[in-house]
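Have a look at the structure below before the remarks.
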Amino acid sequence: MVTEQLVTSFDDPRSFLDMPRLAGLELSPDGTRLVTTVSTLNRERTKFVTALWEVDPRGERAARRLTRGAQGEKGMAFTPDGDLLFLSTRPDPEVEPPKDEPPAALWLLPGAGGEARRLAGRPGGVGAPAVAAETGTILVASMTLPGAVTEADDERLRTARREQNISAILHAEYPIRYWDHDLGPDQPRLLVTDVTDPADGRQWQDLTPAPGHALRESHSEISPDAATVVTEWQLAQPHGDNRATVVAIDVATGARRPLLDEPEYEYGNPRISPDGTSVVAVREARPTPSTAVRMDLVLVPLAGGPARLLAAGWDRWPAEVRWTPDSRALIVTADQRGRCPLFRLELANDTDTDVVTQLTDDDAAYASPSVSPDGRWIYALRHAVDAPPTPVRLDAGAEGQRPTQLPGPAQSPRLPGTLAEVTATSADNTSLRGWLALPADAGDHPAPLLVWVHGGPLTSWNHWHWRWNPWLMVARGYAVLLPDPALSTGYGQAFVERGWGQWGGPPYTDLLTLTDAAQARPDIDGSRSALMGGSFGGYMANWVAGHTDRFDAIVTHASLWALDQFGPTTDAAHHWRHELTEQMALENSPHRHVEAISTPMLVIHGNRDYRVPISEALRLWYELLAQQPDPADQPHRFLYFPDENHWVLTPSHAVLWYQTVIAFLDHHLRGAQLQMPELLG
122 MVTEQLVTSF
132 DDPRSFLDMP
142 RLAGLELSPD
152 GTRLVTTVST
162 LNRERTKFVT
172 ALWEVDPRGE
182 RAARRLTRGA
192 QGEKGMAFTP
202 DGDLLFLSTR
212 PDPEVEPPKD
222 EPPAALWLLP
232 GAGGEARRLA
242 GRPGGVGAPA
252 VAAETGTILV
262 ASMTLPGAVT
272 EADDERLRTA
282 RREQNISAIL
292 HAEYPIRYWD
302 HDLGPDQPRL
312 LVTDVTDPAD
322 GRQWQDLTPA
332 PGHALRESHS
342 EISPDAATVV
352 TEWQLAQPHG
362 DNRATVVAID
372 VATGARRPLL
382 DEPEYEYGNP
392 RISPDGTSVV
402 AVREARPTPS
412 TAVRMDLVLV
422 PLAGGPARLL
432 AAGWDRWPAE
442 VRWTPDSRAL
452 IVTADQRGRC
462 PLFRLELAND
472 TDTDVVTQLT
482 DDDAAYASPS
492 VSPDGRWIYA
502 LRHAVDAPPT
512 PVRLDAGAEG
522 QRPTQLPGPA
532 QSPRLPGTLA
542 EVTATSADNT
552 SLRGWLALPA
562 DAGDHPAPLL
572 VWVHGGPLTS
582 WNHWHWRWNP
592 WLMVARGYAV
602 LLPDPALSTG
612 YGQAFVERGW
622 GQWGGPPYTD
632 LLTLTDAAQA
642 RPDIDGSRSA
652 LMGGSFGGYM
662 ANWVAGHTDR
672 FDAIVTHASL
682 WALDQFGPTT
692 DAAHHWRHEL
702 TEQMALENSP
712 HRHVEAISTP
722 MLVIHGNRDY
732 RVPISEALRL
742 WYELLAQQPD
752 PADQPHRFLY
762 FPDENHWVLT
772 PSHAVLWYQT
782 VIAFLDHHLR
792 GAQLQMPELL
802 G
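FYI, my numbering numbers position 321 of the sequence shown as 442, with every residue one higher than the one before it.
So this is what it looks like as structure tokens:
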């Protein structure tokens, strides 16, 4: 086992970081093996390292570790013969170790047992593999420099840039950055190979020799017979815009044809049916300032033809989608009222309509579903606000069931409190709800309240969080309210439309309504409260600060401050243009209300945040201080991370993040001396 004891203390963020973190689940073709990844701290506690673990689908054997690379492994996929493919930067034992850490290469762990062997790599590394179910042909994405025809060309150009210390990038397309990294100068290309023995040499076939940014962050699949690759494909549009489509690529010739391409929609997450005849994809209606985004599923023949809307009238947004082995149904996850259940979508024949059945009815979120070859079982990772991910088994056809937990690589932690639900009704008579994490002794000792606003905003509090985990605060005696205001997903399209283009309207008033409901409880100390949020939640924290003084402290992380400034400088300005007009951005911008802010604020931002650029925090910080007449007595603080991005990922920085937030809140809600972590100076 990864851990021999339950984690019983959330009092120290360092103890919390010791918990193993599961992600992803892959089922072997014969249904006898499940593989997941487990991330743990390295020996120096400086970063997380991922290993592959095997889980018994029958639930009889303990989980066992498969890989032990010092730099970690990820991106697993099975071949038809049951061999396990994965990505690793470990050095090849057959060659001289490189001077620098090599890019990720493709490795194979034989299903019959034995040592893992390196199959192939590329100068720019390779991405997670996809495998043709019948032929075993392997599909990968690889970052390649423009102009490189061969692998040797790519290596030569990379060496020249490195030796001449060149980091410059020449752009002709938008965007140029994405979340936390620069785009270019290399570009992802799709490659296929039939080689499963390194002795055969690296024989890659390049299907997309000049893609530009078309394959940026794309999901791709290869048909069972390896004749066709289906992939997301970004199309550049006028005025700096772009649009996501789905294309089919002939593996033999490299010829590309559109499969799903309509100006009013974006398409993503294509999945090829096991019989190789159809493709299902998530369709996203492109928004306007007056009409919110909308998600649904469409089905299109792989050979081409008109797309069919699936489950018309199902008022949920599909997320993960998997086929059943008979190609007659889909297993789908979708947010729903603070949960993310598994659904089964039976495809209609010529006379019937599609039928959606909810398979799970517990207070949980499900991810990475896989269906057994006989179609009887679904394997997935189950997690919830009060439970980290763990592998489970479910009946593929039973309605409203509870899962069977499988022996996994990590045991569940003992929580320092309990989880409840808070409900309320808005002024426009809309039902509202959220989760409330409570200390164990809140019944005898009412707890001060922390309101945590989620990011997105098109998301929901429904799963376990490693970055914003409420139980660390519950362990310190705080109650944490996790509200889902207008714009949250899982409550129907009308709930999203309520807040569209009105960020300072219903999302704000819904937060206050749910806060009122929480503070009215006898186990909550209504006289002490704070509000926190990150990304869109940070925007809302800034908006709240300028519109009410009811909170004793506010923490704003990676937050939007001046919307006229944010819109053109975010990494996805083209999306922003579809959502708010200039007038709407101005009316909903928190910076216009800085003079009304009297609540002490802790501002947190990373310099490498490209989604919400550091300029937002710099302007917020200056304008806060510009309101303070006495610099020695100003209540605000700015926690700045020069080398972090939208998230705070370095373990030591994550510890400092929690320690700083706790110190700030303890000072303003409990009267403790403001004593920041020693390492911050």
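Think of the CB as a built atom: it goes at the ideal place given N, C-alpha and C, for glycine as much as any other residue.
Just so it is clear, the structure is predicted and the values come from calculations on it, not from any experiment.
For Leu208, three-class secondary structure by DSSP: The sequence position of residue 208 within the sequence shown is 87, counting from 1. Here Leu208 sits in strand by DSSP.
Beta carbon of Thr158 nearer than 7 Å to that of Gly145: For the purposes of this step, residue 158 is taken as the residue at position 37 of the sequence shown. For the purposes of this step, residue 145 is taken as the residue at position 24 of the sequence shown. Their beta carbons are under 7 Å apart, which means Thr158 touches Gly145 by this criterion.
Local conformation of Glu294 per DSSP, three classes: For this step, residue 294 is matched to residue 173 along the sequence shown. In the structure shown, Glu294 sits in coil (DSSP, three-state: anything other than H, G, I, E or B).
Residue burial classification, Val270 (beta-carbon count within 10 angstroms, cutoff 16): The sequence position of residue 270 within the sequence shown is 149, counting from 1. Classification for Val270: exposed.
Short Cβ contact (7 Å threshold) for Pro606 with Asp631: As a working mapping, residue 606 is identified with position 485 in the sequence shown. As a working mapping, residue 631 is identified with position 510 in the sequence shown. Taking 7 Å as the Cβ cut-off, Pro606 and Asp631 qualify as a contacting pair.
Spatial neighbours of Ala706 in its chain, beta-carbon cut-off 7 Å, leaving aside the 5 residues before and after: Looking up residue 706 in the sequence shown gives position 585. Taken in chain order, the residues that qualify are Leu684, Asp685 and Gly688.
Range covered by the alpha helix (DSSP H) that runs through Gln479: For the purposes of this step, residue 479 is identified with residue 358 of the sequence shown, where counting begins at 1. Run containing Gln479: none in the alpha helix (DSSP H); it sits in the beta strand (DSSP E), Val476 to Gln479.
From Leu602, Ala662 and Thr580, residue whose alpha carbon lies closest to that of Asn590: Numbered from 1 along the sequence shown, position 469 holds the residue referred to as residue 590. Of the listed residues, the one whose Cα sits closest to Asn590 is Leu602.
Backbone CA spacing between Arg179 and His789 [nearest angstrom]: In the sequence shown, the residue the question calls residue 179 occupies position 58. In the sequence shown, the residue the question calls residue 789 occupies position 668. Going from the Cα of Arg179 to the Cα of His789 covers about 52 Å.
Beta-bridge pairing of Pro422 - partner residues as DSSP gives them: If you number the sequence shown from 1, residue 422 lands on position 301. In the DSSP output, where bridge partners are listed per residue, Pro422 has Ser399.
Sheet register partners of Arg142 (DSSP bridge): To locate residue 142, count along the sequence shown from 1; it is residue 21. Answer by DSSP bridge pairing, in chain order: Ser160.
Inter-residue CB distance, Val403 and Ile393 (contact presumed, cutoff 8 Å): Here the question's residue 403 lines up with position 282 in the sequence shown. Here the question's residue 393 lines up with position 272 in the sequence shown. Their Cβ separation, rounded to whole angstroms, is 14 Å, which puts Val403 and Ile393 out of contact at 8 Å.
As assigned by DSSP and simplified to three states, the class of Glu272: In the sequence shown, residue 272 corresponds to position 151, counting from 1. Residue state, collapsed to three classes: helix.
Buried versus exposed, by CB contacts within 10 Å (16 or more), Leu206: Position 85 of the sequence shown holds residue 206. Classification for Leu206: buried.
Closest residue to Val372 among Ala335, Thr481 and Thr258 (Cα-Cα distance): Along the sequence shown, one-based indexing puts residue 372 at 251. Closest option to Val372, Cα to Cα, is Thr258.
Separation of Gln457 from Glu520, as counted between CA atoms: Taking the sequence shown and counting its residues from 1, the one referred to as residue 520 is at position 399. Taking the sequence shown and counting its residues from 1, the one referred to as residue 457 is at position 336. Those two C-alpha atoms are separated by around 16 Å.
Gln192 versus Val769 - alpha carbon distance: Walking along the sequence shown from the start, residue 192 turns up at place 71. Walking along the sequence shown from the start, residue 769 turns up at place 648. Looking at the two C-alpha atoms, the distance is approximately 20 Å.
Neighbourhood of Arg619 by C-beta, 6 Å cutoff - its chain only, sequence neighbours within 5 removed: On the sequence shown, position 498 is the one that residue 619 refers to. Excluding residues within five positions, the ones whose Cβ falls inside 6 Å are Ala607 and Pro627.
Spatial distance of Gly203 from Leu148 (CA atoms): For the purposes of this step, residue 203 is taken as residue 82 along the sequence shown, with counting starting at 1. For the purposes of this step, residue 148 is taken as residue 27 along the sequence shown, with counting starting at 1. Taking the straight line from one Cα to the other gives about 10 Å.
Inter-residue spacing [alpha-carbon to alpha-carbon] between Glu387 and Ala335: In the sequence shown, the residue the question calls residue 387 occupies position 266. In the sequence shown, the residue the question calls residue 335 occupies position 214. In a straight line, the C-alpha of Glu387 is about 13 Å away from that of Ala335.
Beta-carbon proximity of Phe131 to Pro537, cut-off 7 Å: Start at 1 with the first residue of the sequence shown, and residue 131 comes out as number 10. Start at 1 with the first residue of the sequence shown, and residue 537 comes out as number 416. Contact flag set, yes.
Status (buried if at least 16 other CB within 10 Å, exposed otherwise) for Gln640: Locating residue 640 in the sequence shown gives position 519, where the first residue counts as 1. So Gln640 counts as buried.
Buried versus exposed call for Gln308 [16 or more other C-beta atoms within 10 Å across all chains shown]: Residue numbering aside, residue 308 sits at position 187 when the sequence shown is read from its first letter. Flag for Gln308 reads buried.
Separation of Ala376 from Arg554, as counted between CA atoms: Here residue 554 refers to the residue found at position 433 of the sequence shown. Here residue 376 refers to the residue found at position 255 of the sequence shown. Cα-Cα distance, rounded: 50 Å.
Among Leu208, Val252, Ala254 and Thr265, the one whose alpha carbon lies nearest that of Ala237: Numbered from its first residue, the sequence shown carries residue 237 at position 116. Comparing Cα positions, the closest option is Leu208.
Leu312 to Asp274 span [Cα, whole Å]: Along the sequence shown, read from residue 1 onward, the residue named residue 312 stands at position 191. Along the sequence shown, read from residue 1 onward, the residue named residue 274 stands at position 153. Answer to the nearest angstrom: the Cα atoms are 16 Å apart.
DSSP three-state assignment for Ile811, whether helix, strand or coil: There is no way to answer for residue 811, as the model of the chain reaches only from 122 to 802.
Span of the alpha helix (DSSP H), counted from its first residue to its last, around Tyr779: Locating residue 779 in the sequence shown gives position 658, where the first residue counts as 1. Tyr779 -> alpha helix (DSSP H) spans Pro772 to Arg791.
Per DSSP, the bridge partner or partners of Thr171: Residue numbering aside, residue 171 sits at position 50 when the sequence shown is read from its first letter. Answer is Ser160, bridged to Thr171.
Integer-rounded CB distance, given that Pro439 should sit under 8 Å from Leu418: Within the sequence shown, numbered from 1, the residue matching residue 418 stands at position 297. Within the sequence shown, numbered from 1, the residue matching residue 439 stands at position 318. Contact holds; Cβ gap of about 5 Å.
For Thr445 and Arg135, the rounded distance between their alpha carbons: As a working mapping, residue 135 is identified with position 14 in the sequence shown. As a working mapping, residue 445 is identified with position 324 in the sequence shown. About 42 Å.
Short Cβ contact (7 Å threshold) for Leu175 with Arg185: Here residue 175 refers to the residue found at position 54 when the sequence shown is read from its first residue. Here residue 185 refers to the residue found at position 64 when the sequence shown is read from its first residue. The sequence given here has Glu at residue 175, not Leu. Yes, Cβ-Cβ distance for Glu175 and Arg185 is below 7 Å.
Cα-Cα separation between Ala249 and Ser263, rounded to whole angstroms: Working through the sequence shown from its first residue, we reach residue 249 at position 128. Working through the sequence shown from its first residue, we reach residue 263 at position 142. Their backbone Cα atoms lie some 10 Å apart in a straight line.
Separation of Leu746 from Pro752, as counted between CA atoms: Along the sequence shown, one-based indexing puts residue 752 at 631. Along the sequence shown, one-based indexing puts residue 746 at 625. Their Cα atoms are separated by approximately 8 Å.
The stretch 583-599 contacting the stretch 665-676, beta-carbon criterion three pairs below 8 Å: no
Same chain, Cβ closer than 6 Å to Ile370, five either side skipped, listed in chain order: As a working note, residue 370 is residue 249 in the sequence shown. Excluding positions up to five away in sequence, the list reads Leu328, Val350 and Arg377.
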